[in-house]
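Take a look at the structure set out below.
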Amino acid sequence: MAAQQERSELEAKAKQGETVVPGGTGGKSLEAQERLAEGRSRGGQTRKEQLGHEGYQEMGHRGGETRREQMGQEGYQEMGKKGGLSTMDKSAAERVEEEGIEIDESKFRTKDR
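If you're matching positions, the sequence shown starts at 1 in UniProt numbering and goes up one per residue.
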């Protein structure tokens with residue numbers, strides 16, 4: 001019963017445009033978000049198999065470099081600062097809030113925008 005109630009709550013949030021499933025961005029319902037996440041996961045696995053471990057690793061490295069160029073050095077450092085705060089027990093957002101650490105997320109945006 002509790003699981004059904006939780007799914008109903010997630011469904012309501014999804015219909016309001018909130019992403020409730022990691023990787024489900026863009027889905028207008030809980031089921032759509034679940035399917036999107038599954039498809040994206042499968043696509044990533046397929047690409048990994050095509051490229052092999054080293055090729056997939058290189059692709060990730062290039063993506064990180066591109067993002068750093070888009071954000072600029074300062075924005076990339078700020079993003080790394082936030083990422084470095086996450087632990088197995090708490091997300092970076094939880095630690096930022098609890099410990100009063102300042103993170104300027106406006107620096108995460110692409111420089112040209």
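For each residue, glycine too, the CB sits at the ideal point set by N, CA and C.
No experiment lies behind these values; they were computed from the predicted model shown.
Do residue i and residue j have their CB atoms nearer than 7 angstroms?
i, j, result
"PHE108", "MET88", "no"
"ALA37", "GLY24", "yes"
Given this structure, state the Cα-to-Cα distance separating residue i from residue j, to the nearest angstrom.
i, j, result
"LYS13", "GLU31", "12 angstroms"
"LYS81", "PRO22", "22 angstroms"
"GLU9", "GLU34", "15 angstroms"
"GLU97", "GLY83", "14 angstroms"
"ARG67", "GLU6", "36 angstroms"
"ARG40", "ARG47", "11 angstroms"
"GLN57", "LEU51", "9 angstroms"
"GLU74", "ILE101", "17 angstroms"
By the three-class DSSP mapping on this structure, what secondary structure does residue i have?
i, result
"ARG109", "coil"
> Where in the segment 56 to 99 do unbroken runs of the alpha helix (DSSP H), each at least 4 residues long, occur, reported from the N-terminal end onward?
Replying inline: 92 to 99
> In the segment 21 to 47, which residue ranges form an unbroken beta strand (DSSP E) of at least 3 residues, counting only runs that do not cross its ends?
Replying inline: none
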